[in-house]
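Novice: In full-length UniProt numbering, the protein residues as written are 1 to 148. Beta carbons are placed, not taken as given, at the ideal position from N, Cα and C, and that holds for glycine.
1) Helix, strand or coil: which one does DSSP assign to residue 133?
2) DSSP three-state label for residue 87, please.
3) What does a CB cutoff of less than 7 Å around residue 72 pick up in its chain, not counting 5 residues either side in sequence?
4) Just how far apart, CA to CA, sit residue 136 and residue 93?
5) Within 10 Å of its beta-carbon, does residue 22 have 16 or more other beta-carbons around it, so buried, or fewer, so exposed?
6) Quick check: the Cα distance between residue 109 and residue 116, rounded to an integer number of angstroms?
7) Let me confirm a value: residue 75 is counted as buried when at least 16 other C-beta atoms fall within 10 Å, else exposed. Which label applies?
8) If I measure Cβ to Cβ from residue 161 and keep anything under 8 Å in the same chain, skipping five residues before and after, which residues do I get?
9) My output table needs one value for residue 80: the three-state DSSP class, helix, strand or coil.
10) What runs of the alpha helix (DSSP H), each 4 residues or longer, lie entirely inside the UniProt domain "Gamma-glutamylcyclotransferase AIG2-like" (17–124)?
11) Excluding the 5 residues flanking residue 7 on each side, which residues of the same chain have their C-beta closer than 7 Å to its C-beta?
12) Taking only three categories from DSSP, how would you classify residue 127?
13) Output yes or no for whether 8 Å exceeds the beta carbon distance between residue 43 and residue 67.
14) Within 8 Å of any Cβ in chain C, is that where the Cβ of residue 45 sits?
15) To the nearest angstrom, report how far apart residue 151 and residue 101 are at their CA atoms.
Encoded structure:
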């Protein structure tokens, strides 16, 4: 559920999370959550995974084609809070129709383009520089107040 007050995006634990960018890497999930949740390949028709100016991570925006990712099916409430804190405020949490059902996804919010600069080309997973990103995730995990 999305919190209608706007104080936080999670009013309760949503069901499955559709991940399409950095959270599709098991290594990132391991650093953030201390485990790799169960997942299955999934796709979001009518969406594309857009690259961002000067950012290593992408954003999901409406577009022609199909956005490929994974559906994380067994996140705990605590893990949802960690993921929600990790995801920037320029994302909105929205429920999407997927090729295998429905799932929640962090998509471009109203300020995404102004905050990040959404580019016309797609993000390329194979070009993602994982090692420095894992370092940043580890630093974030050590300082974030979510689990204290």
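Specialist: A quick look at the data gives this:
1) Translated into the one-based positions of the chain shown, residue 133 becomes position 133. In this structure, residue 133 counts as helix in the three-state DSSP scheme.
2) Position 87 of the chain shown, counted from the first residue, corresponds to residue 87. If DSSP states are grouped into helix, strand and coil, residue 87 belongs with coil.
3) Start at 1 with the first residue of the chain shown, and residue 72 comes out as number 72. Hits under 7 Å: 16, 17, 19, 37 and 39.
4) Residue numbering aside, residue 136 sits at position 136 when the chain shown is read from its first letter. Residue numbering aside, residue 93 sits at position 93 when the chain shown is read from its first letter. Computed Cα separation, rounded: 23 Å.
5) As a working note, residue 22 is residue 22 in the chain shown. Flag for residue 22 reads buried.
6) For the purposes of this step, residue 109 is taken as residue 109 along the chain shown, with counting starting at 1. For the purposes of this step, residue 116 is taken as residue 116 along the chain shown, with counting starting at 1. Distance between the alpha carbons of residue 109 and residue 116: 11 Å.
7) Sequence index remark: in the chain shown, residue 75 carries index 75 (1-based). Residue 75 comes out buried.
8) Lying outside 1 to 148, the shown extent of the chain, residue 161 is not represented and no answer is given.
9) For the purposes of this step, residue 80 is taken as residue 80 along the chain shown, with counting starting at 1. Residue 80 falls in the helix class under three-state DSSP.
10) 26–33, 77–86 and 112–116
11) The residue you call residue 7 lines up with position 7 of the chain shown. Below a pLDDT of 50, predicted positions are generally treated as unreliable, and residue 7, at 36, falls in that range; the measurement from the model is reported next regardless. Counting only Cβ-Cβ distances below 7 Å, and skipping sequence neighbours, we find nothing.
12) Translated into the one-based positions of the chain shown, residue 127 becomes position 127. In this structure, residue 127 counts as helix in the three-state DSSP scheme.
13) As a first step, residue 43 must be located in the chain shown, where it is residue number 43. As a first step, residue 67 must be located in the chain shown, where it is residue number 67. Cβ distance < 8 Å, so residue 43 and residue 67 count as in contact.
14) Note that chain C does not occur in the displayed structure, where there is just one protein chain.
15) Within the shown structure, residues of the chain are numbered from 1 to 148, placing residue 151 beyond reach of any answer.
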